[in-house]
Structure formats: structure tokens, C-alpha cells
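Asks: Count the sequence shown with mature numbering (1 follows the signal peptide of the UniProt record, and there is no 0) and you get residues -27 to -1, 1 to 356, in order.
Glycine is no exception: its CB is placed at the ideal position from the N, C-alpha and C atoms.
Since this is a predicted model, take the numbers as computed values, not measurements.
Quick one: the structure is below, questions incoming.
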Amino acid sequence: MLFFDGEKMQGAVFIAILLSWIQLSQGGCKTVCHFYASNYITTTFHPEHVQPSLCEFLIIGYGYVVNSENPRIAMHERVADFLSRISSYKKENPNLKVLLEVRSSRWSFEETFYKMLSSASSRVKFADSAKKFVLDNKFDGINIREETVDRLFKNFKTEFLSLMQLVAARIKAERNLYLFASLVDTNKVHELDVNNDIQGLCRLADMVIVETSYFYLDPGEKHGRTSRLYSKSETDTKSVDYVTKLVLSRGCPKEKLVISVSTGVWCYQNLGKDRKGEEEYLRWAVVSYDKLCPFLNTGVKVQRLSDNGPYVMGEKLDYLNPVFDGDFIYYYEDDISLKAKIDYAKQKGLAGIMFWDIWYDDFKGSCNRGKFPFLNLIHRECS
């Protein structure tokens, strides 16, 4: 099936993609910063907290699709607060590229995106409107994040690739515009091939982001590290290494592949013993690193898993709701575990690291290590 009109269009798109790929390939590990502007009121993360000098790409979330018959991109209302600062960000870092993340759903599930996909004419209209949107709002491109796990449309795989081809044709017609794509089926690795033409997406996108910053725990696991670097066993598919190798084996060039990391702290409360006499845990919250560092500074014993991932055990953090009581286990990232992932990306020759979301870092410098200690680490190691 052909999704372009004519061989000339296909050739032009190929040349544009090749030139963009050559531009991206120059240099080593890229630092891709990500955050959801939609969350900044609740997280106290404001436009002035962004440090453009630490990022080569800045992905702001989010946009979404409205009107499946005449589709266009609409932005979450909070994005506008950051949009007005883009020029100042680029003044501080002239090489910074700012992209809008376009999600398939504004809420947990909406059919608008998928109805648009199912219509050939709507896909063309979306591609046209996407280019206009990027240019009108002075973005440097878009990252398309298709995030619904349960596919309701049998032709999703081919229709999504068709959409990406149409968008790529228009984005690449403009100099210095970028198209990224996110692979989000990492929690159900066996569905990555079923739901995505990985080789096709990697061919069309300038960068493909593998969302390795969070994996579901296995059934029966009551607590644990949600982003292990290496698998716990031969059958364990939920690790950075396993998913990265899978995507590379499907024909994705390593120079286009980005793995994601997060410094969110996962808080599990010990509920005591269940009827079987086993310890019962409940995940209460994911908080930013600055909420944990006062507890770390008390000298609590840091324990490590086989992949150097740290965790600590102890009392409830002051930040957590007073109704939470009892002992907790906290899984998090530190310099050692984060550097292990950075080294992994560099050894594999990957395109870079995406920090999801940067407000999970200590962006105010509350831990007496300066602002954004982990983002600084990524930037320093990738430079």
C-alpha cells in the first residue's frame, strides 16, 4: 500500500529525512527534556524553572486532537504559559529545539484520534493542520505519543504508519523541523510488534523514544523498582535492556533511539501481614526527589538491587498525607543508578536520554546540590 501520491514525493521525503538524520547524528548522546505543562500548577513547576542550557530538545506536553472529521491540534491551556517563554529559552540556548507532545487522548481514552486514523481524508487533513500548527506557534516540531494500550481498531498498525508518513512528508518539507514518536507499549512487550511497525516508525521519525522510565510490576509483586536496567530473569521483559534490544532487533537504527528515565520516588506503605503471614504493601504516591532527600540526609541505610537501583526503608515522608502511617519502602534513582543508564545508552550508541518529567528532579535546589542535579548529570555525561 502506498501512502504518498507519486514517487517524487516519496523521494523528496526520503532525502529530507536523511538530511535530518545526518544532522541529528552529529555528536553523541542527546539530552531530551520532557515535562507536562498540564501539571505545573500542582507541582509548583513554573516556566521560569526551565533551564534551557541543559537541554538539546525540550518536549512540552501536551496537545491533543479535536474533531475527527476536520482534525486539528489543540493545546492544553497550561501550555500557553510556557509557549510565551520559548523565545527567551532560545535566547539562552540558541541550539534548543522545542517540540509539542501530541497525545492520542486527553483523558484515559477518547475515540477522536482513532476515528481520525480510520479515515484516509482525515489523516491528510490532520497532517496539513499539524504542519500549520507547528509553524504558527513557532515550535520546532512535534512528538506523537499514541498511548492507548487496548487497540479498538484492527487496522491501527497500518493506519498509524500512514499518518506518520503524511506528517513526515509535511514536516520534512520545512527546514529544521523535527518529528519524534514515542513507543509506549513497553509494559506489554509482546504487543510492540503487533501494534507498531517499528522499522517504519524509526524510518520516518527523527527520534523514537522508548518509554523505559516506568514498567508495571509483575502480578504478585507487592513493591519494587519500576525501571530496572537489566531483567531479573530470562523471562523478564520489563527492563531497559530487554526493550532496547527488542526495538533494535526490529530494524530501528541505534542513532535514532532514545531511552527515557525518571527520578520520581515510588512510595510503598507496609500494611502489615496478610492472612498468609506475608508482608502486604500498597503504593501510595510518586513524588519528586526533593521530597526524599531530607530523609536520605538522616543517614538512613541505602540498599541496592543488582542493577545498582537504590531503595531505602523507614518512616513516612513529611510530604505524604497524614493519613498515611507506618513504615515505607522508597525506590528512586541516584547518581550511581542514573549514570549506569547513561553509560548503557552511550555504550549502545543510542541517540540519547529523555528525562521524563524534569520536575521530578530537584528543580529548586532544595537538597543543597544546586538546581536540577540529575539533569545536570545527564547533560554533563552526554556532552
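Over what stretch of residues does the alpha helix (DSSP H) that includes L56 continue unbroken?
Replies: Walking along the sequence shown from the start, residue 56 turns up at place 83. From DSSP, the alpha helix (DSSP H) with L56 extends over V52 to L56.
Asks: Under 6 Å Cβ to Cβ from G338, same chain only, skipping five residues before and after it: list those, please.
Replies: The residue given as residue 338 occupies position 365 in the sequence shown. Same-chain partners within the cutoff: K344.
Asks: Would you mind listing the beta strand (DSSP E) stretches within the segment 223 to 292 that are 3+ residues and don't spill past its ends, in chain order?
Replies: Here the runs fully enclosed are 230 to 234, 238 to 246, 252 to 260 and 283 to 287.
Asks: With DSSP run on the structure shown, which of helix, strand or coil describes T4?
Replies: On the sequence shown, position 31 is the one that residue 4 refers to. Strand, per DSSP.
Asks: Please decide whether V39 counts as near chain C, where near means a Cβ-Cβ distance under 7 Å.
Replies: Absent from the structure: chain C. Only one protein chain is present.
Asks: For K98, count neighbouring Cβ atoms within 10 angstroms of its own Cβ and tell me buried if that reaches 16, exposed if not.
Replies: What you label residue 98 is simply residue 125 of the sequence shown in a count that begins at 1. Its Cβ being crowded by 16 or more others within 10 Å, K98 is buried.
Asks: Relative to the C-alpha of V39, which candidate in N169, M327 and S102 has its C-alpha closest?
Replies: In the sequence shown, residue 39 corresponds to position 66, counting from 1. Closest option to V39, Cα to Cα, is S102.
Asks: Determine the closest residue to P346 out of L290, V5, L72 and D308, with distance taken between C-alpha atoms.
Replies: Your numbering for residue 346 matches position 373 in the sequence shown. Nearest of L290, V5, L72 and D308 to P346, Cα basis: D308.
Asks: Can you look up N116 in the DSSP assignment and give me helix, strand or coil?
Replies: Within the sequence shown, residue 116 is the residue found at index 143, counting from 1. Strand, per DSSP.
Asks: Excluding the 5 residues preceding and the 5 following G224 in the sequence, name in chain order all residues of the same chain whose CB lies nearer than 6 Å to its CB.
Replies: Taking the sequence shown and counting its residues from 1, the one referred to as residue 224 is at position 251. Only Q172 meet the Cβ criterion.
Asks: Helix or strand or just coil, what does DSSP make of G193?
Replies: Walking along the sequence shown from the start, residue 193 turns up at place 220. G193: coil per DSSP, three-state reduction.
Asks: With A47 as the anchor, note down where its beta strand (DSSP E) starts and where it stops.
Replies: By 1-based counting over the sequence shown, the position of residue 47 is 74. Residues R45 to M48.
Asks: Give the single residue among E252, F30 and E288 whose Cα lies nearest to the Cα of V231.
Replies: Indexing the sequence shown from 1 puts residue 231 at position 258. Minimum Cα distance to V231 is reached at F30.
Asks: Hey, Y303 and C355: beta-carbon distance below 7 Å or not?
Replies: As a working mapping, residue 303 is identified with position 330 in the sequence shown. As a working mapping, residue 355 is identified with position 382 in the sequence shown. Taking 7 Å as the Cβ cut-off, Y303 and C355 do not qualify as a contacting pair.
Asks: Hey, which unbroken runs of the beta strand (DSSP E) at 3 residues or more fall wholly within the segment 149 to 212?
Replies: Listed in chain order, the complete beta strand (DSSP E) runs (minimum 3 residues) inside the segment 149 to 212 are 151 to 156 and 180 to 183.
Asks: Apart from the five residues just before and just after D170, which ones in its own chain have a Cβ nearer than 7 Å to its Cβ?
Replies: Numbered from its first residue, the sequence shown carries residue 170 at position 197. So the qualifying residues of the chain are K130 and L134.
Asks: Answer yes or no: do L150 and N116 have a C-beta to C-beta separation smaller than 7 Å?
Replies: In the sequence shown, counting from the first residue as 1, residue 150 sits at position 177. In the sequence shown, counting from the first residue as 1, residue 116 sits at position 143. No. Outside cutoff.
Asks: For E21, I'd like the list of residues in its chain whose CB is within less than 7 Å of its CB, leaving aside the five on either flank, ordered along the chain.
Replies: For the purposes of this step, residue 21 is taken as the residue at position 48 of the sequence shown. The answer is none, since no qualifying residue turns up.
Asks: When you measure from the CB of Q172 to every non-hydrogen atom of the ligand NAP, does any distance come out below 6 Å?
Replies: Ligands in the displayed structure: none, and consequently the ligand NAP is not present.
Asks: Please state if the CB of C6 and the CB of F328 are separated by a distance shorter than 7 Å.
Replies: For this step, residue 328 is matched to residue 355 along the sequence shown. For this step, residue 6 is matched to residue 33 along the sequence shown. Contact flag set, yes.
Asks: Across which residues does DSSP place L73 in a beta bridge pair?
Replies: What you label residue 73 is simply residue 100 of the sequence shown in a count that begins at 1. Beta-bridge pairing links L73 to I33 and I115.
Asks: F8 and residue 357 - do their beta-carbons sit closer together than 7 Å?
Replies: Residue 357 lies beyond the stretch modelled for the chain, which goes from -27 to 356, so this question has no answer here.
Asks: Can the beta-carbon of D280 be found closer than 7 Å to that of Y187?
Replies: Here residue 280 refers to the residue found at position 307 when the sequence shown is read from its first residue. Here residue 187 refers to the residue found at position 214 when the sequence shown is read from its first residue. No, these two residues do not count as a Cβ contact at 7 Å.
Asks: From N349 to I33, what does the alpha carbon distance come to, in whole angstroms?
Replies: Reading the sequence shown from its first residue, position 376 is the one you call residue 349. Reading the sequence shown from its first residue, position 60 is the one you call residue 33. Roughly 19 Å separates the two Cα atoms.
Asks: Return helix, strand or coil for V23, following the three-state DSSP convention.
Replies: For the purposes of this step, residue 23 is taken as residue 50 along the sequence shown, with counting starting at 1. Of the three classes helix, strand and coil, the one that applies to V23 here is coil, per DSSP.
Asks: Where does F129 sit, in a helix, a strand or coil, going by DSSP?
Replies: For the purposes of this step, residue 129 is taken as residue 156 along the sequence shown, with counting starting at 1. Note: F129 maps to helix in three-state DSSP.
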